[in-house]
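Per UniProt numbering, the very first residue in the sequence shown carries number 1; after that it's consecutive.
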Amino acid sequence: MKRSDLDSWLSAPDDAIDAFFDHAPVYMFAASADWKIMRASRAWCEATGYDMTALHGICALDFLTPESRQRADTETLPRFTETRVIQGAQFDFLRADGTVLPVVLSARTQIDDTGRIVRVLVSMFDNSEARAMQAALGAAIADVKEANAAKSRFLAAMSHEIRTPMNAILGFTQLLKLSDLDDKRRTHVDAIQSAGGTLMNLLTDLLDLSQIEAGQLKIDAEIFDLNEFIRKLADWWQTAANDKGLRLRIAKDQGLPSQIIADEGRIQQVLNNFLGNAVKFTDEGRVTLAIEEAGQAGDQRRIRFEVTDTGPGMTDAQISQLFKPFVQVGAECCNDRGGWGLGLSISNEIATAMGGRVGVTSQPGYGSTFFFELNVGTPEEISAEEVDNTTTAPLSESGALQTSGLDILVAEDNPMSRAMMHEMLTELGHRVTTTPDGLAAVNEIEARPYDLVFMDVAMPRLDGIGATKRIRNAPKPCQSTPIIGCSAHLNDPARYHAAGMDAFLPKPVDRDALRNLISRFSSAGRAEQGSGAHDPH
């Protein structure tokens with residue numbers, strides 16, 4: 001710029017400011033110290049629909065939406081008083097026609113020699129496009145969340161719906177194995193039972209996955225016998241190891257307590273996955289389960305479970321893909337092994353929910369070691385009341401068990417499941433009456449005494465929860481009848497207990513589990529009904 005031009009501009013600054021306010025495509029206004037508009041750009045007037053004469057002398061804050069005005073009064077202006085700067089604040093102004101103009105606003109003060117605010121200079125840019133994109137993104141995220149929730153609901157619902165017919169399939173298969181079959185037909189029945197068990201494992205994984213995605217994975221803490229737990233685990237996997245010519249070795253630290261407080265079912269779920277993979281991928285050699293104390297964590301003990309195999313091992317790249325859902329490491333060379341790539345991912349989520357961790361060490365050609373560490377309590381660390389709460393079925397004073405010849409009521413709305421339960425209980429030597437819904441079950445119990453009731457949770461007219469509550473509030477002696485809840489929904493046993501149910505039998509029904517439950521309740525139920533001592537509340 002020539003010196004003469006500069007002198008000309010400096011000699012007429014108002015002309016330059018006028019030109020800027022009139023012609024620059026910028027949203028801006030100048031205001032007094034109390035935010036009364038003294039001047040506004042033509043672009044701002046056109047955007048808001050106001051003439052400059054209508055804006056002059058009006059407080060700029062009066063043009064904000066109520067929400068923006070509140071935010072300005074409580075947040076932005078107090079900071080502005082201290083810093084005398086606003087940088088990138090988002091506000092909504094009301095246009096003359098009542099529509100909203102979203103802007104991003106910045107402001108600075110002009111002060112005189114005494115430090116007094118002479119004016120406030122405000123510049124803005126239209127935030128409509130960014131706001132629309134933000135809204136669209138929010139809607140897209142909401143759609144994704146809803147789609148994910150719908151998928152989880154679908155998985156949970158399908159798991160339940162498939163479990164209902166599987167209850168009849170596996171139940172009748174167990175009964176069929178008790179009949180006089182030739183070797184060929186027994187092989188066929190074994191194949192049906194094996195295939196059904198495989199399908200049930202998949203359903204369990206899908207149900208766990210849906211609970212994990214919905215943030216509803218439940219962890220319970222109860223007392224259980226660690227030695228008995230290990231024995232059952234060894235018995236279960238010994239046959240599978242023998243079938244492949246493998247040696248199964250169990251090593252337990254002798255310093256571990258005999259009883260611990262944790263979620264036995266979830267621990268078993270993780271170890272079943274580790275042991276199942278070890279047996280599946282190991283063709284020769286051995287599989288070892290080691291249980292040892294890994295240290296103290298406050299008033300709890302840290303236990304480490306390790307499953308070691310002599311299988312093919314894994315590379316670092318393969319290890320990095322473990323514990324991710326639907327990932328099968330080595331699937332390109334081992335696709336004959338089966339599986340869905342869910343087990344390790346679910347095991348990782350279970351460990352996290354229990355405050356523990358899982359991991360693996362491996363080397364190609366030298367096998368793998370999967371570990372599971374978690375903190376557990378011991379019975380000495382909880383009160384007597386808590387111990388009592390974990391006991392679901394006290395025995396009678398004599399301790400004798402009468403496991404046959406009971407009068408049992410089965411409330412079940414599914415005809416196949418109802419027929420299966422009738423035949424299975426009859427085969428165990430009991431007298432069985434069935435009803436198709438909870439209301440009929442209540443009427444039946446009020447009409448005559450029963451030693452035990454198996455109550456399906458989901459039924460028409462009156463569900464198992466409502467039926468149980470009515471029975472518990474009925475006159476003695478029917479209110480003291482032991483009630484065992486039955487359901488393919490496995491994620492809410494606490495609700496069943498709160499309703500007054502004494503125990504829970506998951507579907508598909510296992511004959512041994514059914515017989516054991518009857519053994520636990522038969523003598524106690526009869527003794528309590530005779531004495532009237534049972535208090536379901």
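Heads up, the beta-carbon is just placed ideally off N, CA and C, and yes, glycines get one too. Values in this document were obtained by computation on a predicted structure and should not be read as measured data.
Assigned secondary structure, residue i (DSSP; H/G/I helix, E/B strand, else coil)
{"i": "Gln211", "result": "helix"}
{"i": "Asn375", "result": "strand"}
{"i": "Lys252", "result": "strand"}
{"i": "Met38", "result": "strand"}
{"i": "Thr239", "result": "helix"}
{"i": "Ser345", "result": "helix"}
{"i": "Asp309", "result": "strand"}
{"i": "Asn335", "result": "Only weak support exists for where Asn335 lies, its pLDDT of 43 falling under 50; the coordinates are left without a value."}
{"i": "Arg304", "result": "strand"}
{"i": "Phe224", "result": "strand"}
{"i": "Val144", "result": "helix"}
{"i": "Val279", "result": "helix"}
{"i": "Val509", "result": "coil"}
{"i": "Met200", "result": "helix"}
{"i": "Pro78", "result": "helix"}
{"i": "Phe323", "result": "coil"}
{"i": "Leu170", "result": "helix"}
{"i": "Lys151", "result": "helix"}
{"i": "Leu217", "result": "coil"}
Outcome for residue i when other beta-carbon atoms lying within 10 angstroms are tallied against a minimum of 16
{"i": "Glu349", "result": "buried"}
{"i": "Tyr450", "result": "buried"}
{"i": "Leu105", "result": "buried"}
{"i": "residue 539", "result": "Only positions 1 to 537 of the chain appear in the structure, and residue 539 is not among them; the question remains open."}
{"i": "Trp237", "result": "buried"}
{"i": "Asn167", "result": "buried"}
{"i": "Trp9", "result": "For Trp9, the predicted model reports a pLDDT of 42, less than 50, meaning its position is unreliable and no value from the coordinates is stated."}
{"i": "His430", "result": "buried"}
{"i": "Gln211", "result": "buried"}
{"i": "Cys486", "result": "buried"}
{"i": "Ile219", "result": "exposed"}
For residue i, the residue or residues it bridges with in DSSP
{"i": "Gln110", "result": "Arg119"}
{"i": "Gly359", "result": "Phe371"}
{"i": "Met124", "result": "Tyr27 and Leu105"}
{"i": "residue 550", "result": "This structure does not reach residue 550, given that the chain is present from 1 up to 537, and the question cannot be answered."}
{"i": "Ala262", "result": "Glu222"}
{"i": "Leu247", "result": "With the sequence shown as reference, residue 247 is identified as Arg, and Leu is not the correct amino acid for it. For Arg247, which the question treats as bridged, DSSP gives the partners Arg286."}
{"i": "Cys59", "result": "Lys36"}
{"i": "Val270", "result": "Val270 pairs with nothing; no bridge assigned."}
{"i": "Val100", "result": "Leu94"}
Residue i versus residue j - alpha carbon distance
{"i": "Met1", "j": "Ile37", "result": "Because Met1 carries a pLDDT of 45, less than 50, the predicted location of this residue cannot be relied on, and no value is offered for it."}
{"i": "Asn227", "j": "Ser362", "result": "28 Å"}
{"i": "Leu176", "j": "His188", "result": "11 Å"}
{"i": "Thr164", "j": "Tyr496", "result": "19 Å"}
{"i": "Ile484", "j": "Leu462", "result": "16 Å"}
{"i": "Thr53", "j": "Tyr27", "result": "17 Å"}
{"i": "Glu306", "j": "Ala441", "result": "48 Å"}
{"i": "residue 545", "j": "Asn242", "result": "Outside the shown range of the chain, which is 1 to 537, sits residue 545, and nothing can be said about it."}
{"i": "Ala47", "j": "Ile117", "result": "28 Å"}
{"i": "Ala488", "j": "Val144", "result": "28 Å"}
{"i": "Met501", "j": "Tyr366", "result": "50 Å"}
{"i": "Leu256", "j": "Glu373", "result": "14 Å"}
{"i": "Met200", "j": "Ser159", "result": "9 Å"}
{"i": "Thr352", "j": "Leu289", "result": "21 Å"}
{"i": "Glu75", "j": "Asp112", "result": "26 Å"}
{"i": "Ala494", "j": "Arg231", "result": "28 Å"}
{"i": "Leu55", "j": "Ala43", "result": "13 Å"}
{"i": "Ala411", "j": "Cys478", "result": "15 Å"}
{"i": "Leu246", "j": "Phe454", "result": "41 Å"}
{"i": "Val85", "j": "Ile141", "result": "34 Å"}
{"i": "Ala467", "j": "Val376", "result": "37 Å"}
{"i": "Ile346", "j": "Gln259", "result": "26 Å"}
Endpoints, the alpha helix (DSSP H) within which residue i is located
{"i": "Ser179", "result": "It is not in any alpha helix (DSSP H) - Ser179 carries neither H nor E in the DSSP assignment."}
{"i": "Met420", "result": "Pro415 to Glu427"}
{"i": "Leu409", "result": "Counting along the chain, Leu409 falls outside any alpha helix (DSSP H), though it belongs to the beta strand (DSSP E) covering Asp407 to Ala411."}
{"i": "Asp316", "result": "Asp316 to Ile319"}
{"i": "Gln70", "result": "Pro66 to Arg71"}
{"i": "Arg472", "result": "Gly464 to Arg472"}
{"i": "Val442", "result": "Gly438 to Ala447"}
Extent of the continuous beta strand (DSSP E) run through residue i
{"i": "Pro506", "result": "Ala503 to Pro506"}
{"i": "Thr434", "result": "Arg431 to Thr435"}
{"i": "Thr288", "result": "Arg286 to Ala297"}
{"i": "Ala89", "result": "Val85 to Leu94"}
The ligand PLP heavy atom lying under 6 Å from the CB of residue i
{"i": "Tyr366", "result": "The ligand PLP is not among the ligands present in this structure, which contains no ligands whatsoever."}
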